[in-house]
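Peer 1: Below are the structure tokens for one structure; questions will follow.
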Amino acid sequence: MGDASREIMKQARRQVPEWTPSQVHEALANQHEAGPEHQEIVLVDVREKHEWNEGHIPGAIHVPRGFLELQIEEAVSDKSKTVVLYCAGGVRSLIAGTTLQQMGYKNPVSMSGGFGQWKGNGYPFVQPRTMTEAQSKRYSRHLLIPEVGEQGQFKLLDSRVLLIGAGGLGSPAAYYLAAAGVGTIGIIDSDVVDESNLQRQILHNTKRIGQYKADSARETIEALNPDVKVITHIERLDETNVARIIADYDVILDGTDNFPTRYLLNDAALIANKPVVHGSVFRFEGQLTVFKPYEGPCYRCLYPEPPPPELAPSCAEAGVLGVLPGIIGLLQATETIKLLLGIGDPLVGRLMTYDGLAGEFSELRLFRDPQCPACGENAHPEDLPTYAEFCAVPAR
Amino acid sequence: MATVRLAPVLRASVGGSKQVSAQGSNLAEVLNDLYARFPGLKEQIQPEESLSRFINVYVNDQDVRYLQGLETSVGPADTVILLPAMAGGR
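Residue numbers (this note's numbering), protein chains in the order written: chain A, 106 to 501; chain B, 2 to 91.
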């Protein structure tokens, strides 16, 4: 330290009161006991971001010294508060104290000995969750969106989404959800990849014909994003496994092609209180909605009974333009992300339809049926038929 | 004449059209006019007295179950939408 900096320090020490970590610890404990109306002390960490990331005092606000003049008035608008500043060893915080005095703060205090001594005394500290450099780069376009940001991205990384089927709707949905960093993606599908799937089921490829779709999906997803854990369920969804399988997930994306599974899933999701993002396609048209238990209608409110099989052909019988499930599947993925992040207006109680030939989206209002046998007033979703035996179209 | 829009699964019964016109002052009359011209539709929409439970009928984007059902009035400028459940996803 040269003469000039020694002089600055001497001056600062005369001007800015210092508290030891023990004093700060006691003052914070007293304030905690006094309750939220008596918050006279604000704790500000003036170190650099990498130092903060390694650990900081709980409840502290982070304003690096380099940004102090620019950010402190936003962080601490009441200049009469006691602002306890700390750095690593107590030097930078002392100088920061003089800056606050210049800016009109009445009671800045510097914590002597800094975070080092605080930690040395055995006082508590927290380590903020941080992204790896690779994650910051990968999700940089999300981090720029205020509605997502770092916290939102962590939410996605902690989220668990179950896809019913890795087919036409499940493929694009799973692909983009994986790219978005949804941390756990479950896929239930007992089918194997067939040549006729490849016109639209983009998770799979020519080399994987004959492989289980769930395994093929996992390979594609893991190659795209190593952050994503893929859980494969190579089985059919039925009465015996549905409750166990959906239990671990936050949102279910329904991409099935048959009515028994849709009814089965509807009832189980109501019992487990899990939102289902529903989609279906037919030739040039598709539709989607969000079934959020007890907030909007359920599938049985809409269609209390399935149509007879001859009136409801599957894709295998009716055909579908390959890009159509891509559009609907990605709209389902969008709704899923909205639900996971709690942003926007999910399609609850609204049926969105898309007509590819006309180039038209339209929307219909859907209503909860108070008499619904699955979600109405005296409903027993556990007792309802799922029509497995009723539908001639095989559950695939 | 009211406009009736048909979901894709129903279009085969009306010769492939997405939209047809039909006469009547309430939903029952409009549908009966359709059945007279396109007999194949009746089985899919109203096989018995009441509307079938696997089809949703909207008048001007409102579900008729929450209007007056078959008695819901339909004016010449109104649009009836026939939307059965769709299953396809794969």
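Glycine residues also receive a C-beta, built at the ideal position from the N, C-alpha and C atoms.
1. Chain B beta carbons: is any one of them nearer than 7 Å to that of Ser-385 (chain A)?
2. For Tyr-228 (chain A) and Ala-132 (chain A), what's the separation of their Cα atoms in angstroms?
3. So Leu-7 (chain B) is in the beta strand (DSSP E); what residue range does that whole segment cover?
4. Specify whether the region 323-331 of chain A and the region 370-377 of chain A touch according to this definition: at least 3 beta carbon pairs, one from each stretch, less than 8 Å apart.
5. Below 9 Å on C-beta distance, what does Tyr-408 (chain A) contact in chain E?
6. Would Pro-499 (chain A) be called buried (16 or more neighbouring beta carbons within 10 Å of its own) or exposed?
7. To the nearest angstrom, how far is the alpha carbon of Asp-359 (chain A) from that of Ser-276 (chain A)?
8. Would you tell me roughly how many angstroms separate the C-alpha atoms of Trp-157 (chain A) and Thr-361 (chain A), rounded to the nearest one?
9. Are the C-beta of Pro-9 (chain B) and some C-beta of chain A separated by less than 7 Å?
10. In whole angstroms, give me the CA-to-CA distance for Gln-120 (chain A) and His-143 (chain A).
11. Note down, in chain order, all residues in the region 70-83 of chain B with a beta-carbon under 9 Å from any beta-carbon belonging to chain A.
12. Chain A beta carbons: is any one of them nearer than 7 Å to that of Asp-34 (chain B)?
13. Please list the residues of the region 468-480 of chain A that have a C-beta atom closer than 9 Å to any C-beta atom in chain B, keeping them in chain order.
14. Would you say Glu-145 (chain A) lies against chain B (beta-carbon separation less than 7 Å)?
15. Hey, out of A:Val-386, A:Val-298, A:Gln-476, A:Gly-160, whose CA is closest to Ala-423 (chain A)'s CA?
16. Might you give, ordered along the chain, the residues of its own chain that have their beta carbon closer than 8 Å to the beta carbon of Leu-173 (chain A), omitting 5 neighbours on each side?
17. Measuring alpha carbon to alpha carbon, tell me which of A:Gly-427, A:Tyr-399, A:Leu-444, A:Leu-369 ends up nearest Ile-307 (chain A).
18. Might you give, ordered along the chain, the residues of its own chain that have their beta carbon closer than 8 Å to the beta carbon of Leu-71 (chain B), omitting 5 neighbours on each side?
19. Give the residues from the region 370-400 of chain A that approach chain B closer than 7 Å (Cβ to any Cβ), ordered along the chain.
20. Quick check on Pro-411 (chain A) - is its C-beta less than 7 Å from some C-beta in chain B?
21. With a threshold of 8 Å on Cβ separation, who are the neighbours of Gln-20 (chain B) within its own chain once the five nearest residues in sequence on each side are excluded?
22. Are the CB atoms of Val-58 (chain B) and Leu-83 (chain B) nearer to each other than 7 Å?
23. Taking the straight line between their C-alpha atoms, what separation do you get for Leu-369 (chain A) and Asn-135 (chain A)?
24. Is the region 459-469 of chain A in contact with the region 348-356 of chain A, if contact means three or more CB pairs nearer than 8 Å?
25. Can you check which of these residues, A:Ser-217, A:Cys-192, A:Ser-182, is closest to Glu-123 (chain A) by C-alpha distance?
Peer 2: Well, looking at it:
1. Reading the first sequence from its first residue, position 280 is the one you call residue 385 (chain A). Residue-level contact by beta carbon holds for Ser-385 (chain A) and chain B, with a gap shorter than 7 Å.
2. As a first step, residue 228 (chain A) must be located in the first sequence, where it is residue number 123. As a first step, residue 132 (chain A) must be located in the first sequence, where it is residue number 27. Rounded to whole angstroms, Tyr-228 (chain A) and Ala-132 (chain A) show a C-alpha spacing of 13 Å.
3. Your numbering for residue 7 (chain B) matches position 6 in the second sequence. Counting along the chain, the beta strand (DSSP E) containing Leu-7 (chain B) begins and ends at 3-7.
4. As far as the Cβ criterion goes, the region 323-331 of chain A does not touch the region 370-377 of chain A, which means the pair count is below three.
5. Judged by its chain identifiers, the structure shown contains no chain E, and its protein chains are A and B.
6. Reading the first sequence from its first residue, position 394 is the one you call residue 499 (chain A). For Pro-499 (chain A), the predicted model reports a pLDDT of 40, less than 50, meaning its position is unreliable and no value from the coordinates is stated.
7. Position 254 of the first sequence, counting from 1, holds the residue named residue 359 (chain A). Position 171 of the first sequence, counting from 1, holds the residue named residue 276 (chain A). Spanning the two alpha carbons is a distance of roughly 12 Å.
8. For the purposes of this step, residue 157 (chain A) is taken as the residue at position 52 of the first sequence. For the purposes of this step, residue 361 (chain A) is taken as the residue at position 256 of the first sequence. For the pair Trp-157 (chain A) and Thr-361 (chain A), the Cα-to-Cα distance works out to about 47 Å.
9. Translated into positions along the second sequence, residue 9 (chain B) becomes position 8. It does; some Cβ of chain A falls within 7 Å.
10. For this step, residue 120 (chain A) is matched to residue 15 along the first sequence. For this step, residue 143 (chain A) is matched to residue 38 along the first sequence. Those two C-alpha atoms are separated by around 26 Å.
11. Under the 9 Å Cβ criterion, the region 70-83 of chain B contributes Ile-82.
12. Taking the second sequence and counting its residues from 1, one reaches residue 34 (chain B) at position 33. Not one beta carbon of chain A lies nearer than 7 Å to the beta carbon of Asp-34 (chain B).
13. Along the region 468-480 of chain A, going in chain order, the ones with a CB nearer than 9 Å to a CB of chain B are Glu-468, Leu-469, Arg-470, Leu-471, Phe-472, Asp-474.
14. In the first sequence, residue 145 (chain A) corresponds to position 40, counting from 1. Taking 7 Å as the threshold, the shortest C-beta distance from Glu-145 (chain A) to chain B does not fall below it.
15. Within the first sequence, the letter at position 318 stands for residue 423 (chain A). It is A:Val-386.
16. Taking the first sequence and counting its residues from 1, one reaches residue 173 (chain A) at position 68. If we look at Leu-173 (chain A) and ignore the five residues flanking it on each side, its Cβ neighbours are Val-151, Ala-201, Thr-204, Leu-205.
17. Reading the first sequence from its first residue, position 202 is the one you call residue 307 (chain A). Checking every option, the nearest Cα to that of Ile-307 (chain A) belongs to A:Gly-427.
18. Counting from 1 along the second sequence, the entry for residue 71 (chain B) is found at position 70. Asn-27, Leu-28, Ala-29, Leu-32, Ser-51, Leu-52, Val-65.
19. Answer in chain order: Gly-384, Ser-385, Val-386, Phe-387, Arg-388, Glu-390, Gln-392.
20. For the purposes of this step, residue 411 (chain A) is taken as the residue at position 306 of the first sequence. So, interface residue.
21. Counting from one through the second sequence, the residue named residue 20 (chain B) turns up at place 19. Within the same chain, Gln-20 (chain B) has close Cβ partners Thr-4, Val-5, Arg-6, Leu-7.
22. Your numbering for residue 58 (chain B) matches position 57 in the second sequence. Your numbering for residue 83 (chain B) matches position 82 in the second sequence. Against a cut-off of 7 Å, the Cβ pair of Leu-83 (chain B) and Val-58 (chain B) comes out as a contact.
23. Here residue 369 (chain A) refers to the residue found at position 264 when the first sequence is read from its first residue. Here residue 135 (chain A) refers to the residue found at position 30 when the first sequence is read from its first residue. Those two C-alpha atoms are separated by around 55 Å.
24. Segments in contact, no.
25. Within the first sequence, numbered from 1, the residue matching residue 123 (chain A) stands at position 18. For the residues A:Ser-217, A:Cys-192, A:Ser-182, the minimum Cα distance to Glu-123 (chain A) belongs to A:Ser-217.
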